[in-house]
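Chains as they are written, first to last, in this note's numbering: chain A, 343 to 448; chain B, 7 to 183. For reference, the structure discussed in these notes is given below.
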Amino acid sequence: MKSLEQLTDSVFYIMAALAQPKHGYAVMSLIEEMTKGAFIIGPATLYTIIKKLLNEQLIMLHDETDSRRKVYVLTDKGRKVLAEDIERRKIMITFAETGLRGESSH
Amino acid sequence: MKKSKYILSNGLAFAEEKDMQMLQLKGTEGWHLKDFALGGYRLEKRECEEVQYSIDYRKLLEDDKHEYFEVFASSGWSHVCSKGDMHIFKAMPGTIPIYSDANSTIDKLSRLARPIYCVTFFFLVTTIILWALMTITDGPIQQISKWIVIFSFVFLIPSLMMVCSIYYKKWKQRIEV
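Here it is in structure tokens:
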């Protein structure tokens, strides 16, 4: 299994959705709603990424009492990784916006 | 009239999409996937219906099954049948694909590949050892090793072809990223 060195868009969205405790299937609908259908995650992709995030301890089970209805939430490590990726993406956006406005950084 | 029939698979390691399209086509003729069968699929006769099929490979613990099928169901993919680590789902045409990015598609191919790599490795080692034995011995041992080499070679070739096919598919996914 490939590890998560740099967050792909799918992983980024799923981690963002899991900043608050949520069921797996609720993640898909939240992402679809928030992006107004522009970004959709397939069920097999979602399940693969959830397993991977658990494995890398970026998310954890929120409540282990009910094993049938699993609720996940970001771990402290997950929050840190997501925050770092937000910064990486902010640099990308700023760079592109500056370029479009025609400003030169020099 | 016959209520059920059998169709042959093209080999999931080679032509998974072809198999799924074949099942979809059969659906429009009123033949719907019921279960896996040896080297193919068992279909049953119902009304004609346009449905699409997708397959996923995953080792599921008893504890994970409910959640796994629920995630698929909530995006419109209902579970049809499973055999071992293979699970087939169906959905209305136009439903989002079960894999939506290249990275997870590559992971899927790796899960499909694992048992194939093991089998290939087994036959490769058997062929090499028995080949050596065949060359250095004579008499009945040489005869026996010769037959085992031929036998394992017959299995080695298709499994090597499967390995190549999976490598090719993974490579194709990577350049699409």
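Cβ atoms here follow ideal geometry from the backbone N, Cα and C, with glycine treated the same way.
Contact between the segment 95 to 113 of chain B and the segment 375 to 386 of chain A is present: three or more C-beta pairs spanning the two stretches fall below 8 Å.
Within chain A, no residue has its beta carbon less than 9 Å from that of residue 16 of chain B; the closest one is some 21 Å off. When 7 Å is used as the limit between beta carbons, residue 401 of chain A is near no residue of chain B, the shortest such separation being about 14 Å. Contact check for residue 78 of chain B and residue 72 of chain B: beta-carbon distance about 11 Å, past the 8 Å limit, so the pair fails to qualify.
Taking 9 Å as the threshold, the shortest C-beta distance from residue 384 of chain A to chain B falls below it. At a cut-off of 9 Å, the C-beta of residue 83 of chain B has a neighbouring C-beta in chain A. The alpha-carbon of residue 123 of chain B is positioned some 48 Å away from that of residue 439 of chain A. Between the alpha carbons of residue 181 of chain B and residue 415 of chain A lies a gap of roughly 33 Å. In the three-state DSSP reduction, residue 77 of chain B falls in the helix class (H, G or I). In the three-state reduction of the DSSP assignment, residue 381 of chain A falls in the coil class, being assigned neither a helical nor a strand state.
Residue 430 of chain A is outside the set of residues whose beta carbon lies under 9 Å from a beta carbon in chain B. Excluding five sequence positions before and after residue 165 of chain B, the CB atoms of its chain that fall closer than 7 Å to its own CB belong to 122, 125, 126, 129, given in chain order. According to the DSSP assignment, residue 414 of chain A belongs to the beta strand (DSSP E) that extends over 413 to 416.
Residues of chain A with a Cβ closer than 8 Å to the Cβ of residue 77 of chain B are, in chain order, 366, 367, 370, 385, 388, 389. Distance from the CA atom of residue 46 of chain B to the CA atom of residue 24 of chain B, rounded to whole angstroms, is 13 Å. Among the bridge pairs identified by DSSP, residue 38 of chain B is matched with B/50. Of all residues in the segment 412 to 428 of chain A, only 412 place a beta-carbon less than 7 Å from a beta-carbon of chain B. DSSP places residue 18 of chain B in the helix class (H, G or I) of the three-state scheme.
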